[in-house]
Amino acid sequence: MMRPMTNAAPQAAPFSPRPRDTDPLRLAVTQACRPPEPEALAPLLAQARLPAAMAQDIQARALRLAQGLRQREHASGRSGLVQGLLQQFALSSQEGVALMCLAEALLRIPDAATRDALIRDKIGTGDWAAHLGKSPSLFVNAATWGLLLTGRLVTTHSEGGLKDALRRITARGGEPLIRKGVDVAMRMMGEQFVTGETIEQALGKARTLEARGFRYSYDMLGEAALTGHDADRYMQSYVDAIHAIGRASAGRGVYEGPGISIKLSALHPRYARAQWQRVMDELYPRVLQLAELARGYDIGLNIDAEEADRLELSLDLLERLCHAPSLAGFKGIGFVIQAYQKRCPRVIDYCIDLARRSGHRLMIRLVKGAYWDSEIKRAQVDGLADYPVYTRKAHTDISYIACARKLLAAPDAVYPQFATHNAQTLATIYELAGPADYRPGQYEFQCLHGMGEPLYEQVVPERPCRIYAPVGTHETLLAYLVRRLLENGANTSFVNRVADATLPLEALIDNPVDTVDAEARAEGGAGLTHPRIALPPQLYGSARANSQGLDLAAEPTLQCVADAL
Ligand code: FAD
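Residue numbers (numbering that gives the first Met the number 0): 0 to 564.
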């Protein structure tokens, strides 16, 4: 039975009922949130600098993998078509955003006649201006992606600009053609990035690649719960999924068998620092219940990483979970750590120590991080002193390598799961882990369904790879799709660059240490903030200082405010 959610009780204490941290490793996480970028990067740069012979082996392996990728037939199949579409209508273009808005609206209309009427109403010639301000805009829903797209959408895409972009696209065809086109494109993208509409369907589809040595972790699509009802629904879908995955696993265990990934924001509508007590009282029992269920089937349960301001909250939950008597000895507790966060190495130190203190071997998935745009924008809007994430891609790559070394050096405490689609990063991990000493259970790679298979078909079964498989209907797809589109469409991302046949392979697999060294020579210092991304206080250049804000997810800030109150 699920525990009912209570309404928020008035707080007796000020707003900060959380006990003070005393563990030095935990305090180190808190303190490392927003240091200057060069300071954060310096120790990592030293750790990512590998011996020349190893660096050569890495580049050779990365080149072979990238060549293999370019040669794969998939470029002509559905995924090739989808990639073409994504390059053509990237979300950084007016057309891309406008089309997504239209698609989002069309997907919710069941019949063709009304879909055509919507197209006519919203983008047919002539009467657009009359509708402005009267009917809700087609682009209103884009605001809900604002969290993901942030400034790009809000500031660079005006209502009029988006409308003109759609007109340009639709000028080439009539309503039925547009409707069909958008529908087919969305469904193609849905099939490309989503494994199945139900967990049973997804488990069935997984069998083909499982037979070739891949493993799976299933993710029930859906983003942050906005109401208690949403959270109940997500909870039930996780419970059902664990039963289905557990049965399909048939005792293969947490390493060989399938697992599940969960989002904490889906399990509680107020998963935020300001609601710490409710999170502990209401969300924690849910996570525990799911973990106990997973333990019963001996499948892994992984906690996804979300926005930076939720990191400490998720660590509080992890700490409790690791000490739950009912989970003693369970090897399937999983946690995701983002390398783009400046705190990443400190979070790893803390997790390794937590694993040892609580007698678990934690499954740690290392990712670069999927919320980069929003983290940057958020820090600017909130007027904070610095960013919680790096501002240059090469810095994140370096952090990833240094953090991978930390994880590989603690095999008693963690089972590292390296989630990347980048051939250079993959090759680095492969060589760092000591190819000659590889043993089952040492580590695994991970990729996203529809994005990583062509790369990892070249690696499996020599090394294991787990596919992260989103499950859900097309209606629940949008927010996930937007994150994938941002990644595929970003001109810094590996998946985008490998699809661009004009880019030489050598440029694709640049060693990030060389990149940073070259920048340091040109700029007179290593690890500097990106020259075109001003620190939040300097956002307005010489015109004026940005207004200063408080980081209300940071314990030291909250303590100061509480003391002052
Ligand atoms: P690359 O192209 O090498 O790297 C792209 C990444 O570099 C960007 O995503 C960003 O993190 C970083 N980057 C880009 N530009 C800059 C810049 N200017 N400054 C600093 N950094 C920059 N993400 C989560 O956040 N939480 C999760 O729980 C999560 N789970 C995942 C599970 C799996 C199995 C996989 C494969 C991915 C998951 N991700 C998750 C998404 C993941 O963060 C992205 O797929 C990943 O960042 C892309 O990295 P890459 O090595 O494949 O690609």
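Backbone N, C-alpha and C define an ideal beta-carbon position, used for all residues, glycine too.
Model, not experiment: these values are computed from the prediction.
Taking 8 Å as the cut-off, does the segment 313–324 touch the segment 270–283 (at least 3 CB pairs, one atom from each stretch)? Short answer: they touch.
Once you ignore the five residues that flank leucine 43 on each side, which residues in its own chain have a CB closer than 6 Å to its CB? Same-chain partners within the cutoff: Ile397, Ser398 and Ala401.
In whole angstroms, what is the alpha-carbon distance linking proline 469 and alanine 52? Taking the Cα positions, proline 469 is about 39 Å away from alanine 52.
Output the distance between the C-alpha atoms of valine 494 and phenylalanine 444, rounded to the nearest integer angstrom. Taking the straight line from one Cα to the other gives about 16 Å.
How is the alpha helix (DSSP H) around alanine 378 delimited, first residue to last? Where alanine 378 is concerned, the enclosing alpha helix (DSSP H) stretches over 371–380.
Helix, strand or coil: which one does DSSP assign to alanine 418? If DSSP states are grouped into helix, strand and coil, alanine 418 belongs with the strands.
With a threshold of 7 Å, establish whether the CB of aspartate 308 neighbours any heavy atom of ligand 1. Checking every heavy atom of ligand 1 against the Cβ of aspartate 308, none is found closer than 7 Å.
Are threonine 395 and threonine 528 touching if we call contact CB-CB under 8 Å? Taking 8 Å as the Cβ cut-off, threonine 395 and threonine 528 do not qualify as a contacting pair.
Let me know the alpha helix (DSSP H) ranges lying completely inside the segment 477–548, each 4 residues or longer, listed in chain order. 477–488, 493–498, 504–507 and 511–522, all fully within the segment 477–548.
Leaving out five residues before and five after alanine 205 in sequence, what residues of the same chain have Cβ atoms less than 6 Å from its Cβ? Contacts found: Tyr215.
Outcome for glutamine 337 when other beta-carbon atoms lying within 10 angstroms are tallied against a minimum of 16: Under this definition glutamine 337 is a buried residue.
Burial state of glutamine 200, where buried means 16 or more other Cβ atoms lie within 10 Å: Glutamine 200 is exposed by the Cβ-count criterion.
Does the Cβ of proline 135 have 16 or more other Cβ atoms within 10 Å, making it buried, or fewer, making it exposed? Because proline 135 sits at a pLDDT of 46, beneath the cut-off of 50, its placement in the model cannot be relied upon, and the following sentence gives the value as read from the coordinates. Exposed is the label assigned to proline 135, since fewer than 16 other Cβ atoms lie within 10 Å of its Cβ.
Tell me, to the nearest whole angstrom, how far the beta carbon of valine 388 is from that of glycine 368; I am working on the premise that it is less than 8 Å. Between glycine 368 and valine 388 the Cβ distance is about 7 Å, and since that is below 8 Å, they are a contact.
Rounded straight-line distance, which links the Cα of valine 458 to that of glutamine 70: Computed Cα separation, rounded: 15 Å.
Residue span of the beta strand (DSSP E) that contains glutamine 558, given as start and end: No beta strand (DSSP E) contains glutamine 558, which is instead part of the alpha helix (DSSP H) from 554–563.
Any non-hydrogen atom of ligand 1 closer than 7 Å to leucine 575 Cβ: Here the chain comprises residues numbered 0 to 564, so residue 575 is not present and cannot be evaluated.
In the DSSP output, what is proline 469 paired with across the bridge? DSSP links proline 469 through a beta bridge to Asp218.
Anyone know if the C-beta pair for glycine 299 and alanine 327 falls short of 8 Å? Against a cut-off of 8 Å, the Cβ pair of alanine 327 and glycine 299 comes out as no contact.
Taking the continuous beta strand (DSSP E) assigned at leucine 447, which residues delimit it? 443–447 is the span of the beta strand (DSSP E), which, as asked, contains leucine 447.
By the three-class DSSP mapping on this structure, what secondary structure does arginine 364 have? In the structure shown, arginine 364 sits in a strand (DSSP, three-state: E or B).
Which runs of the alpha helix (DSSP H), 4 residues or longer, sit entirely within the segment 236–274? Counting only runs of 4 or more, we get 252–255.
Please report the distance separating the alpha-carbon of asparagine 510 from that of leucine 454. A direct Cα-Cα distance of roughly 18 Å separates asparagine 510 from leucine 454.
How would you label arginine 319, buried or exposed, when you count the other beta carbons within 10 angstroms and need 16 or more for buried? By the neighbour-count rule (16 or more Cβ atoms within 10 Å), arginine 319 is not buried but exposed.
Identify the residues that DSSP records as bridge partners of cysteine 402: which are they? Bridge pairing for cysteine 402: absent [DSSP].
Ligand 1 and valine 278: does any heavy atom of the ligand fall closer than 7 Å to the residue's C-beta? Distances between the C-beta of valine 278 and the heavy atoms of ligand 1 are all 7 Å or more.
For ligand 2, any of its heavy atoms closer than 7 Å to the Cβ of glutamine 337? Ligand 2 is not among the ligands present in this structure, which contains only ligand 1.
Would you kindly check if the distance between the Cβ of phenylalanine 334 and the Cβ of isoleucine 302 is under 8 Å? Taking 8 Å as the cut-off, the beta carbon of isoleucine 302 is found closer than this to the beta carbon of phenylalanine 334.
Less than 7 Å separating the Cβ of glutamine 457 from some heavy atom of ligand 1? Remark: the shortest separation between the CB of glutamine 457 and any heavy atom of ligand 1 does not fall under 7 Å.
So what does DSSP say about phenylalanine 213, is it helix, strand or coil? For phenylalanine 213, the three-state secondary structure derived from DSSP is coil.
Same chain only: Cβ atoms within 6 Å of methionine 4, ignoring 5 sequence neighbours per side: At methionine 4 the pLDDT is 47, less than 50, meaning the model places this residue with poor confidence; the figure from the coordinates comes in the next sentence. Excluding residues within five positions, the ones whose Cβ falls inside 6 Å are Gly227 and Glu281.
With glycine 333 as the anchor, note down where its beta strand (DSSP E) starts and where it stops. Taken as a continuous stretch (DSSP letters only), the beta strand (DSSP E) holding glycine 333 covers 332–337.
Would you list the residues sitting across from glutamine 340 in a DSSP beta bridge? Answer is Val388, bridged to glutamine 340.
Assuming isoleucine 363 and valine 413 are in contact, meaning their beta carbons sit under 8 Å apart, how far apart are those beta carbons, in whole angstroms? For a cut-off of 8 Å, the C-beta gap from isoleucine 363 to valine 413 is around 5 Å, short enough to register as a contact.
Go ahead and pull the three-state DSSP assignment for leucine 383. Residue state for leucine 383 is assigned as coil, using DSSP reduced to three classes.
Take the Cβ of leucine 152 as the centre, count every other Cβ of all protein chains shown within 10 Å, and call the residue buried at 16 or more, exposed below. Bear in mind that the predicted position of leucine 152 carries a pLDDT of just 43, short of 50, making it unreliable; the figure below should be weighed with that in mind. Counting the other Cβ atoms within 10 Å of the Cβ of leucine 152 gives 16 or more, which makes it buried.
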